[in-house]
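Student: Sequential numbering from 175 applies to the sequence shown in the working numbering.
Got a structure for you, written out below as C-alpha coordinates; questions coming shortly.
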Amino acid sequence: MASTIIDSRIFGDMFSDARMRQVWSDENRTAKYLDIERALAKVQGALGIIPKDAADEIVQHCELSMIDWDKLKAKTEQIGYPIIAVVNQINANCRDGLGEYCHWGATTQDITDTAAVLQMREGLALVEQDLADISDALAALAQKYRDTPIIGRSNLQQATPITFGYKMASILAGIERQRERLSQLKPRVLMGEFGGASGTLSSL
(Lines of atoms letter the chains of each structure in order from A and count residues from 1; the text may use other names and numbers.)
(Lines give C-alpha, C1' and ligand atoms only; values in the text may rest on other atoms or scores of the structure.)
Protein backbone atom coordinates (compact mmCIF):
# COMPACT_ATOMS: atom_id res chain seq x y z
CA MET A 1 0.00 0.00 0.00
CA ALA A 2 1.41 3.38 -1.02
CA SER A 3 1.55 5.99 1.74
CA THR A 4 2.86 8.85 -0.41
CA ILE A 5 2.74 9.97 -4.04
CA ILE A 6 6.35 8.83 -4.44
CA ASP A 7 5.42 5.29 -3.35
CA SER A 8 2.40 5.14 -5.65
CA ARG A 9 2.46 2.57 -8.44
CA ILE A 10 0.40 4.96 -10.55
CA PHE A 11 1.85 8.40 -9.77
CA GLY A 12 5.31 7.52 -8.45
CA ASP A 13 7.29 8.06 -11.64
CA MET A 14 5.66 11.44 -12.22
CA PHE A 15 7.42 12.83 -9.14
CA SER A 16 10.46 10.55 -8.82
CA ASP A 17 11.99 7.53 -10.54
CA ALA A 18 13.47 4.18 -9.62
CA ARG A 19 17.01 5.57 -9.50
CA MET A 20 16.15 8.28 -6.97
CA ARG A 21 14.06 5.91 -4.87
CA GLN A 22 17.09 3.62 -4.69
CA VAL A 23 19.27 6.50 -3.51
CA TRP A 24 16.91 7.14 -0.59
CA SER A 25 16.12 3.50 0.17
CA ASP A 26 16.80 1.82 3.51
CA GLU A 27 19.35 -0.40 1.79
CA ASN A 28 21.37 2.47 0.36
CA ARG A 29 21.17 4.48 3.57
CA THR A 30 22.46 1.51 5.55
CA ALA A 31 25.16 0.91 2.94
CA LYS A 32 26.32 4.48 3.51
CA TYR A 33 26.52 3.88 7.26
CA LEU A 34 28.73 0.89 6.54
CA ASP A 35 30.85 2.84 4.05
CA ILE A 36 31.54 5.46 6.70
CA GLU A 37 32.33 2.97 9.46
CA ARG A 38 34.61 1.11 7.04
CA ALA A 39 36.46 4.27 6.02
CA LEU A 40 36.73 5.40 9.64
CA ALA A 41 38.25 2.10 10.77
CA LYS A 42 40.62 2.00 7.81
CA VAL A 43 41.98 5.49 8.43
CA GLN A 44 42.19 5.03 12.20
CA GLY A 45 44.05 1.75 11.71
CA ALA A 46 46.52 3.40 9.33
CA LEU A 47 47.12 6.25 11.81
CA GLY A 48 47.50 3.93 14.79
CA ILE A 49 44.42 5.27 16.56
CA ILE A 50 43.01 1.74 16.74
CA PRO A 51 44.91 -1.56 16.35
CA LYS A 52 45.58 -2.51 12.74
CA ASP A 53 44.11 -6.01 13.18
CA ALA A 54 40.93 -4.47 14.61
CA ALA A 55 40.69 -2.12 11.64
CA ASP A 56 41.13 -5.00 9.20
CA GLU A 57 38.48 -7.05 10.98
CA ILE A 58 36.00 -4.17 11.02
CA VAL A 59 36.58 -3.37 7.34
CA GLN A 60 35.94 -7.01 6.47
CA HIS A 61 32.56 -6.97 8.22
CA CYS A 62 31.21 -3.64 6.96
CA GLU A 63 29.19 -5.40 4.27
CA LEU A 64 25.51 -4.89 3.55
CA SER A 65 25.08 -8.62 2.93
CA MET A 66 25.97 -9.26 6.58
CA ILE A 67 23.18 -7.08 7.99
CA ASP A 68 20.32 -8.85 9.74
CA TRP A 69 17.41 -6.62 8.78
CA ASP A 70 15.00 -8.01 11.34
CA LYS A 71 17.47 -7.29 14.14
CA LEU A 72 18.20 -3.87 12.70
CA LYS A 73 14.49 -3.01 12.61
CA ALA A 74 13.86 -4.28 16.15
CA LYS A 75 16.82 -2.41 17.65
CA THR A 76 15.97 0.78 15.78
CA GLU A 77 12.41 0.66 17.11
CA GLN A 78 13.82 0.18 20.61
CA ILE A 79 16.30 3.07 20.64
CA GLY A 80 14.89 5.35 17.94
CA TYR A 81 17.72 5.42 15.40
CA PRO A 82 19.65 2.77 13.45
CA ILE A 83 23.33 3.67 13.85
CA ILE A 84 23.98 1.82 17.10
CA ALA A 85 22.05 -1.15 15.76
CA VAL A 86 24.39 -1.28 12.75
CA VAL A 87 27.50 -0.85 14.90
CA ASN A 88 26.33 -3.60 17.26
CA GLN A 89 25.99 -6.00 14.33
CA ILE A 90 29.46 -5.17 13.02
CA ASN A 91 30.85 -5.66 16.52
CA ALA A 92 29.10 -9.00 16.95
CA ASN A 93 30.40 -10.29 13.62
CA CYS A 94 34.03 -9.48 14.39
CA ARG A 95 36.30 -12.03 16.08
CA ASP A 96 37.99 -11.76 19.46
CA GLY A 97 36.21 -8.56 20.51
CA LEU A 98 38.01 -6.53 17.83
CA GLY A 99 34.69 -5.04 16.76
CA GLU A 100 34.69 -2.94 19.93
CA TYR A 101 36.92 -0.51 18.05
CA CYS A 102 34.19 0.10 15.47
CA HIS A 103 32.77 3.65 15.57
CA TRP A 104 35.80 4.72 17.64
CA GLY A 105 35.53 8.37 18.67
CA ALA A 106 32.46 8.95 16.51
CA THR A 107 28.93 9.80 17.52
CA THR A 108 25.60 8.87 15.98
CA GLN A 109 25.08 12.28 14.40
CA ASP A 110 28.44 12.07 12.62
CA ILE A 111 27.37 8.92 10.82
CA THR A 112 23.76 9.99 10.25
CA ASP A 113 24.58 13.37 8.73
CA THR A 114 27.51 12.14 6.65
CA ALA A 115 25.41 9.29 5.25
CA ALA A 116 22.70 11.79 4.30
CA VAL A 117 25.31 13.90 2.51
CA LEU A 118 26.51 10.86 0.58
CA GLN A 119 22.92 10.18 -0.45
CA MET A 120 22.48 13.83 -1.46
CA ARG A 121 25.61 13.57 -3.60
CA GLU A 122 24.16 10.59 -5.44
CA GLY A 123 20.78 12.28 -5.79
CA LEU A 124 22.29 15.52 -7.09
CA ALA A 125 24.29 13.56 -9.66
CA LEU A 126 21.02 12.18 -11.03
CA VAL A 127 19.46 15.63 -11.11
CA GLU A 128 22.52 17.08 -12.83
CA GLN A 129 22.44 14.39 -15.50
CA ASP A 130 18.74 14.94 -16.13
CA LEU A 131 19.27 18.69 -16.40
CA ALA A 132 22.16 18.13 -18.82
CA ASP A 133 19.92 15.93 -20.98
CA ILE A 134 17.17 18.57 -20.90
CA SER A 135 19.68 21.27 -21.85
CA ASP A 136 20.91 19.25 -24.82
CA ALA A 137 17.35 18.68 -26.03
CA LEU A 138 16.41 22.34 -25.64
CA ALA A 139 19.58 23.49 -27.41
CA ALA A 140 18.79 21.18 -30.32
CA LEU A 141 15.23 22.51 -30.54
CA ALA A 142 16.41 26.12 -30.32
CA GLN A 143 18.79 25.53 -33.22
CA LYS A 144 16.34 23.55 -35.35
CA TYR A 145 13.44 25.98 -34.99
CA ARG A 146 15.33 29.27 -34.76
CA ASP A 147 13.44 30.61 -37.79
CA THR A 148 10.04 29.05 -37.09
CA PRO A 149 7.54 31.79 -36.17
CA ILE A 150 4.91 31.32 -33.50
CA ILE A 151 2.55 33.62 -31.64
CA GLY A 152 4.01 35.18 -28.52
CA ARG A 153 1.95 35.46 -25.35
CA SER A 154 1.47 38.31 -22.89
CA ASN A 155 -1.14 38.75 -20.15
CA LEU A 156 -2.85 35.49 -21.17
CA GLN A 157 -3.40 36.65 -24.74
CA GLN A 158 -1.67 36.73 -28.11
CA ALA A 159 1.18 39.21 -28.47
CA THR A 160 3.89 39.95 -31.03
CA PRO A 161 5.39 37.02 -32.95
CA ILE A 162 8.46 35.18 -31.73
CA THR A 163 10.20 32.06 -32.96
CA PHE A 164 9.80 28.65 -31.42
CA GLY A 165 13.59 28.44 -31.28
CA TYR A 166 13.70 31.62 -29.21
CA LYS A 167 11.12 30.20 -26.79
CA MET A 168 13.23 27.06 -26.36
CA ALA A 169 16.36 29.18 -25.87
CA SER A 170 14.60 31.16 -23.13
CA ILE A 171 13.72 27.97 -21.28
CA LEU A 172 17.27 26.71 -21.82
CA ALA A 173 18.67 29.86 -20.19
CA GLY A 174 16.64 29.14 -17.06
CA ILE A 175 17.82 25.52 -16.95
CA GLU A 176 21.44 26.64 -17.35
CA ARG A 177 21.08 29.04 -14.41
CA GLN A 178 19.83 26.18 -12.26
CA ARG A 179 22.75 23.99 -13.33
CA GLU A 180 25.13 26.75 -12.31
CA ARG A 181 23.41 27.10 -8.94
CA LEU A 182 23.69 23.35 -8.35
CA SER A 183 27.39 23.50 -9.12
CA GLN A 184 27.82 26.34 -6.62
CA LEU A 185 25.72 24.52 -4.03
CA LYS A 186 27.77 21.33 -3.85
CA PRO A 187 30.91 22.66 -2.09
CA ARG A 188 28.70 24.17 0.61
CA VAL A 189 26.40 21.19 1.13
CA LEU A 190 28.46 18.09 0.40
CA MET A 191 30.51 18.07 3.58
CA GLY A 192 30.97 15.23 6.03
CA GLU A 193 30.58 15.63 9.77
CA PHE A 194 32.96 14.26 12.38
CA GLY A 195 32.98 15.91 15.77
CA GLY A 196 32.54 13.11 18.29
CA ALA A 197 30.07 13.10 21.15
CA SER A 198 30.59 16.74 22.16
CA GLY A 199 31.77 18.11 18.84
CA THR A 200 35.41 18.49 19.89
CA LEU A 201 36.85 15.06 18.98
CA SER A 202 38.12 14.98 22.57
CA SER A 203 37.52 11.21 22.64
CA LEU A 204 40.41 10.82 20.20
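By construction, the Cβ of each residue, glycine as well, lies at the ideal position given by its N, Cα and C atoms.
1. Per DSSP, Ile336 forms a beta bridge with which residues?
2. Can you say whether Gln263 is buried or exposed, counting buried as having 16 or more other CB atoms within 10 angstroms of its CB?
3. Do you know how far the Cα of Ala192 is from the Cα of Tyr319?
4. Distance, Cα to Cα, Lys341 vs Ala299?
5. Given a cut-off of 8 Å on the beta-carbon distance, is the pair Leu292 and Ala228 in contact?
6. Going by DSSP, name the residue or residues bridged to Gln303.
7. Which residue or residues does DSSP assign as beta-bridge partners of Gln331?
8. Buried or exposed: which applies to Pro256, given that a residue is buried once 16 or more other Cβ atoms fall within 10 Å of its Cβ?
9. Give the single residue among Gly222, His277, Ala220 whose Cα lies nearest to the Cα of Phe368.
10. Below 8 Å on the Cβ atoms is my contact criterion, and I expect Glu211 with Ile232 to pass it. Report the Cβ-Cβ distance as a whole number of Å.
11. According to DSSP, simplified to helix, strand and coil, what is Gly254?
Tutor: To lay it out plainly:
1. Position 162 of the sequence shown, counting from 1, holds the residue named residue 336. Looking at the DSSP assignment, Ile336 forms a beta bridge with Ile324.
2. Sequence index remark: in the sequence shown, residue 263 carries index 89 (1-based). It counts as buried.
3. Residue 319 sits at position 145 when you count from the first residue of the sequence shown. Residue 192 sits at position 18 when you count from the first residue of the sequence shown. Distance between the alpha carbons of Tyr319 and Ala192 is about 33 Å.
4. To locate residue 341, count along the sequence shown from 1; it is residue 167. To locate residue 299, count along the sequence shown from 1; it is residue 125. One alpha carbon belongs to Lys341, the other to Ala299, and they sit about 27 Å apart.
5. Taking the sequence shown and counting its residues from 1, the one referred to as residue 292 is at position 118. Taking the sequence shown and counting its residues from 1, the one referred to as residue 228 is at position 54. No; because the gap between Cβ atoms is not below 8 Å, this pair is not in contact.
6. Walking along the sequence shown from the start, residue 303 turns up at place 129. DSSP lists no partner for Gln303.
7. Residue 331 sits at position 157 when you count from the first residue of the sequence shown. Gln331 is bridged by DSSP to Ser328.
8. Position 82 of the sequence shown, counted from the start, is the residue given in the question as residue 256. Per the 10 Å Cβ criterion, buried.
9. Taking the first residue of the sequence shown as 1, we reach residue 368 at position 194. Checked all of Gly222, His277, Ala220; the closest Cα to Phe368 is His277.
10. Taking the sequence shown and counting its residues from 1, one reaches residue 211 at position 37. Taking the sequence shown and counting its residues from 1, one reaches residue 232 at position 58. Rounded, the Cβ-Cβ distance is 7 Å, consistent with contact.
11. The residue labelled residue 254 in the question sits at position 80 within the sequence shown. Gly254 falls in the coil class under three-state DSSP.
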